[in-house]
Structure formats: C-alpha cells, structure tokens
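J.: Residue numbers (our numbering): 1127 to 1218.
We put the beta carbon where it would ideally sit given N, CA and C, even for glycine.
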C-alpha cells in the first residue's frame, strides 16, 4: 500500500490544498488592508466632526464680535449726541 503511485485525484487534492493556502494568505492580506482603511475612515470622520464643531465655534464668535461692534458704535453715537445736546447745539 505504501508504494502506490500518486493518482490524478491525489495531485488534484494537493493542488487544491495549495490553492486554498494561497487564497487564505491573499484574503488575510486584503482583510488587513480593509482594517487599515476602516481605521483611516474613523480618523477622517472624527476629524470632520471636530472640524464641524470648530466651524460652529467660529460662527458663534463672529456673531459675538458683530454684537460687540454694534454696541460700541451705539455707545459712541450716544456719547456724541449727548455732547451735542449738553453743549446746546452748534454755535453760530
């Protein structure tokens, strides 16, 4: 029994096992790439989320600065008007 010649079925079985091993290595490599891409996507999403929060903060600061400028202009105009009224108007 030990001296049997390999048959075509035996050769096909060995070839199939080799093909399966090669395929497994390729699948493992692709799976590693997919995991890396998934991690990159998570990082990009986190960056976009953080960027959105920063953009909202900047918009809020712009609104606050606009309000502050309007308040200062109002105070200056009120002071000028008060000065004119206290002094009695424009001299002739």
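Roughly how many angstroms lie between the CA atoms of residue 1148 and residue 1167, to the nearest whole one?
T.: Within the chain shown, numbered from 1, the residue matching residue 1148 stands at position 22. Within the chain shown, numbered from 1, the residue matching residue 1167 stands at position 41. Approximately 29 Å between the Cα atoms of the pair.
J.: DSSP state of residue 1131, grouped into three classes?
T.: Counting from one through the chain shown, the residue named residue 1131 turns up at place 5. Residue state for residue 1131 is assigned as coil, using DSSP reduced to three classes.
J.: Entirely within the region 1166–1191 and at least 4 residues each: give me those alpha helix (DSSP H) ranges in chain order.
T.: Uninterrupted alpha helix (DSSP H) stretches at least 4 residues long and entirely within the region 1166–1191 do not occur.
J.: Between the alpha carbons of residue 1154 and residue 1165, how many angstroms are there, rounded?
T.: Here residue 1154 corresponds to residue number 28 of the chain shown, with the count starting at 1. Here residue 1165 corresponds to residue number 39 of the chain shown, with the count starting at 1. Whole-angstrom Cα-Cα distance: 17 Å.
J.: Under the three-state reduction of DSSP, which class applies to residue 1214: helix, strand or coil?
T.: In the chain shown, residue 1214 corresponds to position 88, counting from 1. Looking at residue 1214 - three-state DSSP - the assignment turns out to be coil, as it is neither helix nor strand.
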